[in-house]
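Trainee:
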Amino acid sequence: MSDGRMSDGRMSDGENGRRPGILLIGNYPPPFGGVPKHLEDLAAHLVDVGWDVHVLAGGTTATTVHAGVTVHAGVTVHRDDRSVARRRAETIAFLAAARTGPHRRRIFELRRLTPLRFWLAAVTRAVLAARIVERHSIDVVSAYNLLGGAPVGALVSAMYGVPLAVTNLGEIHSHRAELERIRPLVRHLTSTARMLFAPTRHCASSYRTLGLDPHVRVVHHGVRIEPIASLPRRESALAELDLPAQGSVIGFIGRMIHDMGLHTVLAALPAMFDRSPDLRVIIAGAQGELTAEAHAARVRHPGRVHVLVDVPEWRLPFILSALHVLAVPTLGARACGSLAAAEAMAACRPVVAARVGGIPEFVADGETGILVAPDSPEELTQAVLALITSAGRMEAFGRAGRVKVEAEFNRDVTSRQFATAFRSMLPRKIA
680 MSDGRMSDGR
690 MSDGENGRRP
700 GILLIGNYPP
710 PFGGVPKHLE
720 DLAAHLVDVG
730 WDVHVLAGGT
740 TATTVHAGVT
750 VHAGVTVHRD
760 DRSVARRRAE
770 TIAFLAAART
780 GPHRRRIFEL
790 RRLTPLRFWL
800 AAVTRAVLAA
810 RIVERHSIDV
820 VSAYNLLGGA
830 PVGALVSAMY
840 GVPLAVTNLG
850 EIHSHRAELE
860 RIRPLVRHLT
870 STARMLFAPT
880 RHCASSYRTL
890 GLDPHVRVVH
900 HGVRIEPIAS
910 LPRRESALAE
920 LDLPAQGSVI
930 GFIGRMIHDM
940 GLHTVLAALP
950 AMFDRSPDLR
960 VIIAGAQGEL
970 TAEAHAARVR
980 HPGRVHVLVD
990 VPEWRLPFIL
1000 SALHVLAVPT
1010 LGARACGSLA
1020 AAEAMAACRP
1030 VVAARVGGIP
1040 EFVADGETGI
1050 LVAPDSPEEL
1060 TQAVLALITS
1070 AGRMEAFGRA
1080 GRVKVEAEFN
1090 RDVTSRQFAT
1100 AFRSMLPRKI
1110 A
């Protein structure tokens, strides 16, 4: 086929029989979360359709068993396991070589667009990114977060002439002051990146708060759509989680932090329990600053609050199947959306969510769930009780949510959309 695809949609080998190479720069599990899970799923799909996939994972992980270079399901994951001294030495050597090398103008051109400390942090990670590009024939770079992966991607794209895709998340809303300071770099990115992505219309439009209005392609970060028949039965899920069969169950799934709104759930517990004596609450997710408060609530309400920390992914379907309602009380415009909400809807569960950010693009008020004011335990309580006391409404919302997710957030569909976009960025001799 003329576009480099075989009849089953996979990429055929390009020039010299090699697969096209892509470098993804962003957070990759562990720990799990919305963006890391998306990146893991997308990387696996790209491998399946014929790409050589490398990931430069965010952060430093010298103290974990996942440090260095590892391979997961055909995806090569590079993590920065260098000591502070080694990172500093390699950055200095990189810059010294750059001053007389062929990339000097391109590297130091970006210096003029950012504060020195920010630029040096990007260069430190770009040392690793450049190594990957040089050793693995990378043809496309896709970077996440204007404050994280995007500056690193911009450096290696400028150095090697590799086309760059940039995905912004909620950082323009959550880190407005920092992005104002690097507005020249953001303007440079929006004008030089081959493609700009955002997972929701809300985040796509956030560039306007910086006085910019680039064309941004909205591609949702999808979720796995399992056949309904394959989901755990609720009775089995309750047994797996050691919960009694009687009563209603609501849940919170997400990092145990203030921004995710866990404090709103905790504040709502007394009123919920007073008005629904058989109600139980599951709090599940990665550790955060509110983990201790969640455990304190478990102690105050024995048998009614269940806290599951750092839940393995295989348990998530059991948690969702055990629930009657998922609470998503996220705070602020920073929220691009909610993969937890999409996963609950895929499991035919209604969602009560805060009316913030891109969440209304996921949860249709009065159709797949109920939207409430952020940081309002009273509204959260009222909405949850309105659902758990109406089995018919919960069932209708659950069915509608499943239909919406199948139509808009199917991971297989969204991954193909990304793959098609990346394929369009390839040099013709490879594509």
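Reading the sequence shown from the start, the letters are residues 680 to 1110 in the working numbering. Glycine is no exception: its CB is placed at the ideal position from the N, C-alpha and C atoms.
Anyone know if the C-beta pair for residue 1020 and residue 1030 falls short of 7 angstroms?
Mentor: In this structure, residue 1030 lies closer than 7 angstroms to residue 1020 by Cβ.
Trainee: Going along the chain, which residues of its own chain have a beta-carbon closer than 6 angstroms to the beta-carbon of residue 749, five neighbours each way excluded?
Mentor: Cβ neighbours of residue 749 beyond the five flanking positions: 756.
Trainee: Hey, residue 701 and residue 734: beta-carbon distance below 7 angstroms or not?
Mentor: No.
Trainee: Could you compute how far the alpha carbon of residue 846 sits from the alpha carbon of residue 822?
Mentor: Rounded to whole angstroms, residue 846 to residue 822 spans 6 angstroms at the Cα level.
Trainee: Rounded to a whole number of angstroms, what is the C-alpha to C-alpha distance between residue 1069 and residue 1076?
Mentor: So the alpha carbons of these two residues sit roughly 11 angstroms apart.
Trainee: So, with DSSP's three-state summary, where would you put residue 980?
Mentor: If DSSP states are grouped into helix, strand and coil, residue 980 belongs with coil.
Trainee: From which residue to which residue does the beta strand (DSSP E) around residue 821 run?
Mentor: Run containing residue 821: 819-823, per the beta strand (DSSP E) assignment.
Trainee: I'd like the ranges of any alpha helix (DSSP H) spanning at least 4 consecutive residues and lying wholly in the region 935-1014.
Mentor: You should have 941-954, 970-979 and 995-1001.
Trainee: May I ask you to list the residues that DSSP assigns as paired with residue 874?
Mentor: DSSP, once it has assigned bridges, lists 844 as partnering residue 874.
Trainee: Can you give me the Cβ contacts of residue 927 inside the same chain, cut-off strictly under 6 angstroms, excluding the 5 residues immediately before and after it?
Mentor: Contacts found: 958, 1003 and 1067.
Trainee: Is the beta carbon of residue 976 sitting closer than 7 angstroms to the one on residue 988?
Mentor: Not in contact: residue 976 and residue 988 (Cβ atoms no closer than 7 angstroms).
Trainee: Using CA coordinates, which residue listed in 784, 954, 1099 and 848 is at the minimum distance from residue 717?
Mentor: Of 784, 954, 1099 and 848, the residue nearest in Cα terms is 848.
Trainee: Note down the Cα distance separating residue 1052 from residue 967, rounded to an integer number of angstroms.
Mentor: So the alpha carbons of these two residues sit roughly 23 angstroms apart.
Trainee: In whole angstroms, what separates the C-alpha of residue 990 from that of residue 974?
Mentor: Whole-angstrom Cα-Cα distance: 15 angstroms.
Trainee: Suppose you measure from the CA of residue 866 to the CA of residue 895; what does that come to, to the nearest Å?
Mentor: Whole-angstrom Cα-Cα distance: 13 angstroms.
Trainee: Kindly list the residues whose CB is nearer than 6 angstroms to the CB of residue 1084, restricted to its own chain and excluding five residues on each side of it in sequence; keep chain order.
Mentor: Closer than 6 angstroms at Cβ, skipping near neighbours: 1021, 1024 and 1025.
Trainee: For the 8 angstroms Cβ check, are there 3 or more pairs between the region 879-897 and the region 906-913?
Mentor: No: the two stretches stay apart, fewer than three of their Cβ pairs being nearer than 8 angstroms.
Trainee: Given a threshold of 16 other Cβ atoms within 10 Å of its Cβ, counted over all protein chains shown, does residue 978 qualify as buried or as exposed?
Mentor: So residue 978 ends up on the exposed side.
Trainee: Just tell me which of 804, 1106 and 1101 has its CA closest to the CA of residue 726.
Mentor: The shortest Cα separation from residue 726 among 804, 1106 and 1101 belongs to 1101.
Trainee: Does DSSP put residue 854 in a helix, a strand or coil?
Mentor: Note: residue 854 maps to coil in three-state DSSP.
Trainee: Does residue 915 pass the burial test, meaning 16 or more other C-beta atoms within 10 Å, or should it be called exposed?
Mentor: Answer is exposed; the Cβ neighbour count stays below 16.
Trainee: Are residue 707 and residue 736 closer than 7 angstroms when you measure CB to CB?
Mentor: Yes.
Trainee: Quick check: the region 1057-1067 against the region 823-835, are there 3 or more CB pairs under 8 angstroms?
Mentor: In short, these stretches do not touch, since the Cβ pair count stays below three.
Trainee: With the cut-off set at 7 angstroms, would you say residue 904 and residue 930 are in Cβ contact?
Mentor: Going by C-beta atoms, residue 904 is not nearer than 7 angstroms to residue 930.
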